[in-house]
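**Q** Protein chains in written order, with this note's numbering: chain B, 56 to 420; chain G, 56 to 420.
C-beta: ideal position from N, C-alpha, C; glycine also.
If you're wondering where the values come from, they're calculated on a predicted model, not measured in any experiment.
Below are the structure tokens for one structure; questions will follow.
2 protein chains.
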Amino acid sequence: MITLEDIARQAGVSHSTVSRALADSPLVHPDTKKRIQDLAREAGYQVNQVARNLRFQSTRTIGLVIPEVSNPYYPKLIQQVADLAREAGYSLQLHLSGADQAAENTCLASLREQRVDGILLVTAERGLVAREQVNALVASGVPIVLMGWVEDAEHIDMVMGDDAKGGYALAQHLIGLGHRSIAILGKPSHRGGYDRLFGFKTALEEAGLALSEEMQLVANSDAEVKSGVIQLVGLTAPPTAIFAYQDSLAALVIGHLTDMCVPIPQAMTVVGFDNLDLATYICPHLTTVGGHIEPLAAQFVNLLIARIRKTHPNTSPQRVVITPQLVVRGSCALPRRESSITKKTSSPGGYYQQLPTRNTQETSR
Amino acid sequence: MITLEDIARQAGVSHSTVSRALADSPLVHPDTKKRIQDLAREAGYQVNQVARNLRFQSTRTIGLVIPEVSNPYYPKLIQQVADLAREAGYSLQLHLSGADQAAENTCLASLREQRVDGILLVTAERGLVAREQVNALVASGVPIVLMGWVEDAEHIDMVMGDDAKGGYALAQHLIGLGHRSIAILGKPSHRGGYDRLFGFKTALEEAGLALSEEMQLVANSDAEVKSGVIQLVGLTAPPTAIFAYQDSLAALVIGHLTDMCVPIPQAMTVVGFDNLDLATYICPHLTTVGGHIEPLAAQFVNLLIARIRKTHPNTSPQRVVITPQLVVRGSCALPRRESSITKKTSSPGGYYQQLPTRNTQETSR
DNA sequence: TTTAATAATGCACACGATTGTATTGAATTA
DNA sequence: TAATTCAATACAATCGTGTGCATTATTAAA
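Following this line, the structure appears as structure tokens:
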């Protein structure tokens, strides 16, 4: 690799002059400057950021720690973060902590060793695994912002979606349609999940509805989703609507219901959470809650950069909460009249009737 | 941040001794070593990789340039690459070149300045945009591997899927089912797309089938996919099968067909390409071609690392071709009997009959 | 006791870029 | 002509690590 010294030799000057010439310093004679710049261009000189970083004690790089990318929620986030970071002049060091966040410690240690200017840490199911690491980072003044609601972390900047409000809105929507028997399927895999459940239950209670035990089913895997769906449909009084904790779960639910010849939304309403792209890929399109990834990502990055540049008006730990919005699509309908849907699945030949999706246009409230 | 010098002062030794002690060198007295290590641990010392990188002329970081992440193909790739890179002890610097690859030059320049040990460049629609940059990198000995088939780049290591074979396999499968009138919808957005088309056409020709102009429709946006589907269905002799260039396109096609009350696969067979996760989210599950992302990613990373470590047996530019596999799912059926499907869509009330997806188990050949 | 061998540690330089300070040389002024 | 000013450039230190080489201190051998 070509260094300042190489260019300096060629130009017959010292490396300091080359440095200043390339920085367009007025201390260098215009002719010399021109000559050096031409020489550097011809030689294909590119500054060594490693040396520069050592000198400046700054890397203009931010670290992004994300559990995984197979859940489509994360790529969407990465895209936003990458774009915003680039706009602000920062490179992105991506580390995957694993779906179980097992590598969270390793990721943070690596980022710290690399002396990134700041860290964006996305938490998931297991909350803040690397708590001590993060405390140490905060203590030593490394800017870090968490995404997700982490308990007992009042000293850390955090950005999160208001999942409770989202769950509340979903339940209200279903209740407004007339649903009285609503099941919840999946697992609150992180704080957000519990909040969704809490908001959902709150709306139910306000409407004077109770959530019985048999209407709350835990499901971790596709197989458990399937058995859960079978169990719900097999009840003597099956629910008229199912709330899945995430869009991807809802997609599985819809798949299994379709396999069992339960028409959606006529015989069963299904709703999800997050408003991923796949919500519009599946049939019928999924009613869900979302539209908050963009502002969430924006606050995530902006807060970090404000911390790095020390331009944030408030030095106390910030808590940014973004309210998601209800997105109504085709997977919701008025509750069916019959008290049971099992007749349908036992109809001869396994055929079933399905209405076309009438409302393909999205409406957002 | 704490430096070797800080620890050295505390221990009353020189920084060289501390450096050696932390590297567990036999040149340091066991007692001193122990004392220094304890001191460093207590102080929370973490080595400064920036300084180390400068010293060693290596960053143990590889750069990954990817157009975007909204197409689910890419996240899958990122996951693989990230895992493999970490296993090999490398960090990942992620740069998004944009769907139009507009920032490809910038990304490469940045990575070069950062002195990454090697670069993984994923090309897309526009092929190799930053050709000069890449040539310069190759010339200066920076290890770089391309993903995707780039023309006139015999001097660069390349890894690619054999899209022609994939297209061929898809067409053969459809022909084997008895389809004789097959449409192609979408756009060959990159070299791979043309190969898919070529392989597909080859199989058709071998079977004595011609591909008429009206059966080849270009579609860039969702709106164009919709009008294309309408156009195809409206033909006096509509096709019995549609091949979309990518799974995400196929998902849109299925969506629009469903909206038009065309039952899939009874009245129309639809196939995609890539075997993304969404292929199993949509209803019916999509027959597609794929399963090659994993080996592709593995070769991608392994080749680069072999170049970095100079352990590759062959110094000449490599061309790694991975053959994708046919994945048969529920979106294919025997061609329908009727010559037209337009009657169905005009049936009273817009209802239609749909068979349940019987074969949810995947079969791979 | 002296010399040689060996163990343990410090010194100094290199990596490449930036920048404060010193130095040179030319032009200007007294 | 000598002093002064100022433009242009070189020198040297810095950032934090790692390591070859020199320098001690200690022990073993003669």
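#1: Listed in chain order, which residues of the stretch 185-218 of chain G have Cβ atoms closer than 8 Å to some Cβ of chain B?
#2: Any idea what DSSP makes of residue 347 of chain G, helix, strand or coil?
#3: Using a Cβ-Cβ distance under 9 Å, would residue 103 of chain G count as near chain B?
#4: Give the DSSP-derived three-state secondary structure of residue 184 of chain B in the structure shown.
#5: Taking 9 Å as the CB-CB limit, is residue 138 of chain B close to chain G?
#6: Under 6 Å Cβ to Cβ from residue 429 of chain B, same chain only, skipping five residues before and after it: list those, please.
#7: Can you pull the chain G neighbours of residue 114 of chain B, defined as C-beta to C-beta under 7 Å?
#8: Tell me which residues share the same chain as residue 192 of chain B and place their Cβ nearer than 6 Å to its Cβ, disregarding the 5 neighbours each side in the sequence.
#9: Report all residues from its chain with a CB closer than 6 Å to the CB of residue 188 of chain B; omit the five preceding and five following residues, and keep chain order.
#10: Who are the neighbours of residue 386 of chain G on chain B, taking C-beta pairs under 9 Å?
#11: Please list the terminal residues of the continuous beta strand (DSSP E) segment that includes residue 73 of chain B.
#12: Residues of chain B with CB under 8 Å from residue 168 of chain G, in chain order?
#13: What does residue 330 of chain B reach in chain G if we use C-beta pairs closer than 7 Å?
#14: List the endpoints of the continuous beta strand (DSSP E) containing residue 146 of chain B.
#15: For residue 374 of chain G, which residues does DSSP report across the bridge?
#16: Quick one: what's got a C-beta closer than 7 Å to residue 171 of chain B's C-beta in the same chain, skipping five residues either side?
#17: Is the beta carbon of residue 90 of chain B closer than 9 Å to that of residue 63 of chain B?
#18: How close, in whole Å, do the beta carbons of residue 139 of chain B and residue 356 of chain B come, if the pair is a contact with beta carbons under 8 Å?
#19: For residue 295 of chain G, report the span of its alpha helix (DSSP H) as first-last.
#20: Hey, how far is the Cα of residue 283 of chain B from the Cα of residue 110 of chain G?
#21: Going by CA-CA distance only, name the one from B:223, B:226 and B:177 that's closest to residue 203 of chain B.
#22: Would you say residue 395 of chain G lies against chain B (beta-carbon separation less than 9 Å)?
#23: Between residue 311 of chain G and the rest of its own chain, which residues show a CB-CB distance below 6 Å, the 5 nearest in sequence each way excluded?
#24: Tell me, please, whether the CB atom of residue 108 of chain B is closer than 9 Å to any CB atom in chain G?
#25: What number of angstroms, rounded off, separates the C-alpha of residue 201 of chain B from the C-alpha of residue 221 of chain B?
#26: With DSSP as the reference, label residue 366 of chain G as helix, strand or coil.
#27: Using only the alpha-carbon positions, how far apart do residue 389 of chain B and residue 264 of chain B sit?
#28: What does the Cβ neighbour count give for residue 96 of chain B, buried or exposed, with the cut at 16 atoms within 10 Å?
#29: Under 9 Å, Cβ to Cβ, is there at least one residue of chain B near residue 123 of chain G?
#30: Straight-line CA distance for residue 360 of chain G to residue 58 of chain G?
#31: Give the range of the beta strand (DSSP E) segment to which residue 133 of chain G is assigned.
#32: Give the secondary structure of residue 173 of chain B by DSSP, where H, G and I count as helix, E and B as strand, and everything else as coil.
#33: Are residue 332 of chain G and residue 343 of chain G close, meaning C-beta to C-beta below 9 Å?
#34: Identify every run of the beta strand (DSSP E) within the stretch 186-256 of chain G, keeping only runs that are complete inside it and at least 3 residues long; order them along the chain.
#35: Let me know if residue 104 of chain B comes out buried or exposed under the rule of 16 or more other beta-carbons within 10 Å of its beta-carbon.
**A** In this structure, then:
#1: Cβ contacts with chain B: 191 and 195.
#2: Of the three classes helix, strand and coil, the one that applies to residue 347 of chain G here is coil, per DSSP.
#3: Interface residue, yes.
#4: In the structure shown, residue 184 of chain B adopts coil according to DSSP, grouped into three states.
#5: Residue contact check for residue 138 of chain B against chain G: a CB pair falls below 9 Å.
#6: For chain B, the structure presents residues 56 to 420; residue 429 of chain B sits outside this window and is missing.
#7: Going along chain G in sequence order, the residues near residue 114 of chain B (Cβ under 7 Å) are 105.
#8: 199.
#9: 160 and 163.
#10: For the C-beta of residue 386 of chain G, not a single chain B residue is nearer than 9 Å; the gap to the nearest is close to 12 Å.
#11: Element bounds for residue 73 of chain B: not the beta strand (DSSP E) but the alpha helix (DSSP H), 70-77.
#12: Neighbourhood of residue 168 of chain G in chain B, by CB distance below 8 Å: 101, 102, 103 and 104, in chain order.
#13: Per Cβ cutoff of 7 Å: no residues; residue 330 of chain B is ~14 Å from chain G at best.
#14: Run containing residue 146 of chain B: 146-151, per the beta strand (DSSP E) assignment.
#15: Residue 374 of chain G is bridged by DSSP to G:213.
#16: 114, 116, 117, 118 and 148, listed in sequence order.
#17: Contact check for residue 63 of chain B against residue 90 of chain B fails: the beta carbons are separated by 9 Å or more.
#18: Confirmed, Cβ separation roughly 4 Å.
#19: Careful: residue 295 of chain G lies outside any alpha helix (DSSP H) and carries neither H nor E.
#20: Answer to the nearest angstrom: the Cα atoms are 58 Å apart.
#21: Closest by C-alpha distance to residue 203 of chain B, out of B:223, B:226 and B:177, is B:177.
#22: In this prediction, residue 395 of chain G has a pLDDT of 47, which is less than 50 and means its spatial position is unreliable; what the coordinates show is noted afterwards. It does not: the Cβ of residue 395 of chain G has no partner Cβ on chain B nearer than 9 Å.
#23: A distance below 6 Å between beta-carbons, with the five flanking residues on each side excluded, links residue 311 of chain G to the following residues of its chain, in chain order: 281 and 284.
#24: Interface residue, yes.
#25: Separation of residue 201 of chain B and residue 221 of chain B (C-alpha to C-alpha, rounded to the nearest whole angstrom) is 20 Å.
#26: Correct three-state label for residue 366 of chain G: coil.
#27: Between residue 389 of chain B and residue 264 of chain B, the C-alpha separation is close to 17 Å.
#28: With a 10 Å radius around the Cβ and a threshold of 16 neighbouring Cβ atoms, residue 96 of chain B comes out exposed.
#29: It does; some Cβ of chain B falls within 9 Å.
#30: Their backbone Cα atoms lie some 31 Å apart in a straight line.
#31: According to the DSSP assignment, residue 133 of chain G belongs to no beta strand (DSSP E) but to the alpha helix (DSSP H) extending over 128-142.
#32: Looking at residue 173 of chain B - three-state DSSP - the assignment turns out to be strand.
#33: Cβ distance not < 9 Å, so residue 332 of chain G and residue 343 of chain G don't count as in contact.
#34: Whole beta strand (DSSP E) segments, 3+ residues: 199-202, 212-216 and 237-241.
#35: Residue 104 of chain B is buried by the Cβ-count criterion.
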